[in-house]
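Trainee:
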Amino acid sequence: MQEFTYKEMDDGSYCVMTYEGDEAEVKIPDTAGENGCITVLNDDLFKGHEEITSVTIPETVTDIGEFVFFGCKNLKQLQLPAGLQTLWGCTFTNCGLEEIILPDGIKSIPSYCFMDCADLKRVVCGKGLTNVRAWAFGGCDALKELNTGTNNVRISPLAFEKRPIDR
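At position 72 of the sequence shown the residue is numbered 71 (numbering that gives the first Met the number 0), and the sequence of numbers has no breaks.
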């Protein structure tokens, strides 16, 4: 079973608001409503769904909210849409990712984005990245490679430090 609820945005696209399900492989539909494209994944969408091993995200998604994959401990790899532009804080906190490739549209890795991803070994950033915020990779003890490409990327001196989340 996989059930999603949606909210129409001002521009006619849709935000995936909630998810109910218990399957390991999740596929977010490409459209909602009257064939409107999905552009946003709402905060907490898959939070705590430890059964999830893979999520297929529509190529139209440009924005992934806070805590979307928080606690998805069996999610090992994830292909992000090429047009993705924004990740919010704690998007992947405490999930099982081992490797991720960030698309060119991601300009900043926000605070707490990957915090406590204990299995994360490799992050490859797209050519648009300019900034890695404080605590982005705190608790990522297995991280061996952060490939920021040839850009002049500002990496906070606290990017690999761990700090409790205020929520």
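Glycine is no exception: its CB is placed at the ideal position from the N, C-alpha and C atoms.
Could you tell me how far apart the beta carbons of Ile105 and Gln84 are, in whole angstroms, since I believe they sit closer than 8 Å?
Mentor: To locate residue 105, count along the sequence shown from 1; it is residue 106. To locate residue 84, count along the sequence shown from 1; it is residue 85. The Cβ separation is near 7 Å, so the contact holds.
Trainee: Terminal residues of the continuous beta strand (DSSP E) containing Phe3?
Mentor: As a position in the sequence shown, residue 3 is number 4, starting the count at 1. Note, Phe3: beta strand (DSSP E), Gln1 to Glu7.
Trainee: Do you know how far the Cα of Glu160 is from the Cα of Asp115?
Mentor: Residue mapping note: residue 115 aligns to position 116 of the sequence shown, counting from 1. Residue mapping note: residue 160 aligns to position 161 of the sequence shown, counting from 1. Spanning the two alpha carbons is a distance of roughly 10 Å.
Trainee: When you compare the CB positions of Glu97 and Asp118, do they come within less than 8 Å of one another, or not?
Mentor: Within the sequence shown, residue 97 is the residue found at index 98, counting from 1. Within the sequence shown, residue 118 is the residue found at index 119, counting from 1. Cβ atoms of Glu97 and Asp118: closer than 8 Å.
Trainee: Take the Cβ of Glu24 as the centre, count every other Cβ of all protein chains shown within 10 Å, and call the residue buried at 16 or more, exposed below.
Mentor: For this step, residue 24 is matched to residue 25 along the sequence shown. Label assigned to Glu24: exposed.
Trainee: Quick one: is Pro57 buried, meaning 16 or more other Cβ sit within 10 Å of its Cβ, or exposed?
Mentor: Taking the sequence shown and counting its residues from 1, one reaches residue 57 at position 58. Counting Cβ neighbours within 10 Å, Pro57 comes out buried, since at least 16 surround it.
Trainee: According to DSSP, is Tyr111 helix, strand or coil?
Mentor: The residue you call residue 111 lines up with position 112 of the sequence shown. In this structure, Tyr111 counts as coil in the three-state DSSP scheme.
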